[in-house]
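Residue numbers (my numbering): 777 to 1110.
Below, the structure written as structure tokens:
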């Protein structure tokens, strides 16, 4: 009886873990898709420079997701990314099918072939299939699927392959490319290289002239897969201080802009909390106080972080946060 109870308790827990893993997988898929959609041309240049030269990037359209039912496995699968484009000087339509694979699957080449067949059946045009592998398994992934009989090779289906973990992260430093910067976090590296890699990443992105939204996407992708611990962040700060003044200043400005965006989010949350509190109390005064308090707390928290990092002077912190000198001194001494 006791064993039955343990089984009944553990089964839902396993189901919850599977559901959580599935949600996490979907979230990572979306992040990958958003990165490639935003920087499609840079993606092709990064990994396939010869093909990049032949694509007409004035004609790029991202197609709706395709969902296929795997009758044998009894499950539905979504194609990661479909891009409609054209080749230069060649009158033809080209669909690029990019698939990211987080885990090793022995039958993956067969799945790529099935996707290709169904996509060709629907679109009836040239299709370039690309597979990106991000798992850490030390094997050479195949780039083809074959059907062969003793007396005849019936089919050879080939696709392009990128194995991120088999690339050293330093290879990505050779090109000023947003995709290279983001995917550096998926490349091969040792534990001792984590801090240096984060520093090189920061130096790399200071050279990009991107709007804040695109810059945030690159940073979010990188830090999803490489988040430093507290001790590592301290080591990173020391390394930043050892840089040339110009490089240190650029990284400081990046960090400050991220913190300011965090502060703005905190201000908005404070305003929403204050409004909710004011409505609950039925008092306009409570709402106003809540907004002011949320804004002040967000500014003080930002000042505390900037002061701890030691990257900016007291005067600069006061200027950026909008605090008074008295507020800053009172908070920093508490």
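Cβ atoms here follow ideal geometry from the backbone N, Cα and C, with glycine treated the same way. From a predicted model like this one, the values you see are computed outputs, not experimental measurements.
- Under DSSP, residue 944 takes part in a beta bridge, and its partners are 964.
- Excluding its 5 nearest sequence neighbours in each direction, residue 1020 has no C-beta neighbour in its own chain below 8 Å.
- Taking a cut-off of 8 Å for Cβ pairs, the segment 970 to 983 and the segment 830 to 846 do not touch, as fewer than three such pairs fall below it.
- Where residue 840 is concerned, there is no enclosing alpha helix (DSSP H), because DSSP gives it neither an H nor an E.
- For residue 868, there is no enclosing alpha helix (DSSP H); the residue is part of the beta strand (DSSP E) that begins and ends at 866 to 877.
- Looking at 844, 892 and 901, the one whose alpha-carbon comes closest to that of residue 907 is 892.
- Shown here, residue 915 sits in coil according to DSSP, grouped into three states, outside any helix or strand.
- DSSP places residue 910 in the coil class of the three-state scheme, outside both helix and strand.
- Contact between residue 1026 and residue 1004 is ruled out by a C-beta separation of about 19 Å, above the 8 Å threshold.
- Around the beta-carbon of residue 953, 16 or more other beta-carbon atoms lie within 10 Å, marking it buried.
- The DSSP-derived three-state label of residue 952 is coil.
- Put simply, the backbone Cα of residue 1100 is about 40 Å away from that of residue 807.
- Within the same chain, and ignoring the five residues on either side of residue 930 in sequence, the residues whose Cβ sits closer than 6 Å to its Cβ are 923.
- Shortest Cα-Cα distance from residue 818 to any of 809, 828 and 838 involves 828.
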